[in-house]
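First the structure, in the form of structure tokens, and then the observations on it.
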Amino acid sequence: MAEVYAPRLTARLPDREAFGIPIKMHWIDLQGQAAPPGALLASAWACVAEVLPAAMAEEGGSEGAAFCVLHRGAEGVWLLMDWWAHGDILCQRLARADMDADPFELLTDRPLLACVWELEVIARERAAWIAHMMGPVPNRSAWLRA
6 MAEVYAPRLT
16 ARLPDREAFG
26 IPIKMHWIDL
36 QGQAAPPGAL
46 LASAWACVAE
56 VLPAAMAEEG
66 GSEGAAFCVL
76 HRGAEGVWLL
86 MDWWAHGDIL
96 CQRLARADMD
106 ADPFELLTDR
116 PLLACVWELE
126 VIARERAAWI
136 AHMMGPVPNR
146 SAWLRA
């Protein structure tokens, strides 16, 4: 049975440019901390650098824009690495760590997508993509600010 829903703290962390593309980073925390511990964030960015370029190249059609969701929940720390491809398709790789400083392990053998809290961030990113990148004049700067 699912737990009783309660909102969780979500925050936008500073963006980074990696392998030539801008990447937004979102933080969700069951414990209510405004930012992740430094070691956890460093581990997440290391996983992004290892996984995302190859995944984007494998799929092809990258729009050169990505966002990540780092979520410390009840059963571990989750890292959703999402990017836009082919104009309107959201692609994803998912990784998980047991503890705050553990390295992330890519999950390729489970059909998981996102939890209800992560879906809130994905919905905001979808709205920002439509508003700023799918109009007559795409505006990447506005998308990054959204």
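In our numbering, each number is its position in the sequence shown, counted from 1, plus 5.
Using N, Cα and C, we set each Cβ at its ideal position, and we do this for glycine too.
_Extract the residue ranges of the alpha helix (DSSP H) inside the region 41-74, only unbroken runs of 4 or more that lie entirely within it._
List check, alpha helix (DSSP H) in window: 43-64.
*Consult DSSP for residue 9 and reduce its assignment to one of helix, strand or coil.*
It is coil, neither helix nor strand.
*By Cβ distance below 6 Å, which residues in the same chain neighbour residue 24 in space, the five residues on each side in sequence not counted?*
Closer than 6 Å at Cβ, skipping near neighbours: 58.
*Quick one: Cα of residue 10 to Cα of residue 124, how far?*
So the alpha carbons of these two residues sit roughly 13 Å apart.
*Going by DSSP, what residues sit across from residue 87 in a beta bridge?*
DSSP lists 72, 97 as partners of residue 87.
*asked:* Do residue 91 and residue 82 count as a contact pair if the criterion is CB distance below 8 Å?
replied: The answer is no: Cβ separation not under 8 Å.
*For residue 144, I'd like the list of residues in its chain whose CB is within less than 6 Å of its CB, leaving aside the five on either flank, ordered along the chain.*
Once the five neighbours on either side are set aside, the close Cβ partners of residue 144 are 137.
*For residue 82, three-class secondary structure by DSSP*: In the structure shown, residue 82 falls within a strand segment according to DSSP collapsed to helix, strand and coil.
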